[in-house]
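Using our numbering, the first residue of the sequence shown is number 13, and each one after it goes up by one. Positions of the beta carbon are idealized from the N, C-alpha and C atoms, including for glycine.
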Amino acid sequence: MVTRFRLNESHITANIVPGIAVVSFPAAMVAAVVIGLVNAVVRPIVTLLTLPLTIITLGLFLFVVNAISLSLASWLAGAFNIGFAVDGFWPALFGSIVLSFVSGLIGRFVSADTLAQ
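Laid out in structure tokens, this is it:
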């Protein structure tokens with residue numbers, strides 16, 4: 013169930029932000045998994061390393077951390093020829109902002125009980 017919502021977030025973000033491309037539905041599914049893995053493994057380490065900068069910017073630097081995570085997921089997807097691409101830092105930054113917004117919006121409308129199923 014959680015992967016389906018991540019898939020929707022990735023697909024919506026790719027449709028809104030120019031510079032982010034997902035070529036097909038299966039590519040979007042794999043891209044959602046790759047983004048989830050990068051967010052689970054790499055993002056906490058980068059967040060911890062950049063904690064002073066995040067505190068100084070009152071949390072706004074987390075958008076840059078998310079952009080780095082999205083770029084890394086794009087690079088991994090390109091290495092395995094998945095069909096998910098981010099064309100540079102600015103699309104990754106705008107994509108991270110849209111992805112955060114869409115994720116928060118979906119989280120408001122979907123209860124925790126629905127995600128647990």
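In the DSSP assignment, residue 96 falls within the unbroken beta strand (DSSP E) covering 96-98. For the set 34, 59, 91, the Cα lying nearest the Cα of residue 80 is the one of 59. Taking all protein chains shown into account, residue 96 has 16 or more neighbouring C-beta atoms within 10 Å of its C-beta and is therefore buried. Take residue 106, set aside five residues on each side of it, and the residues of its chain with a beta-carbon closer than 7 Å to its own are 29, in chain order. Between residue 122 and residue 25, the beta carbon gap of about 17 Å keeps them out of contact (Cβ cut-off 8 Å). When secondary structure is reduced to three states using DSSP, residue 29 falls in the coil class, being assigned neither helix nor strand. DSSP places residue 106 inside the alpha helix (DSSP H), whose first and last residues are 101-121.
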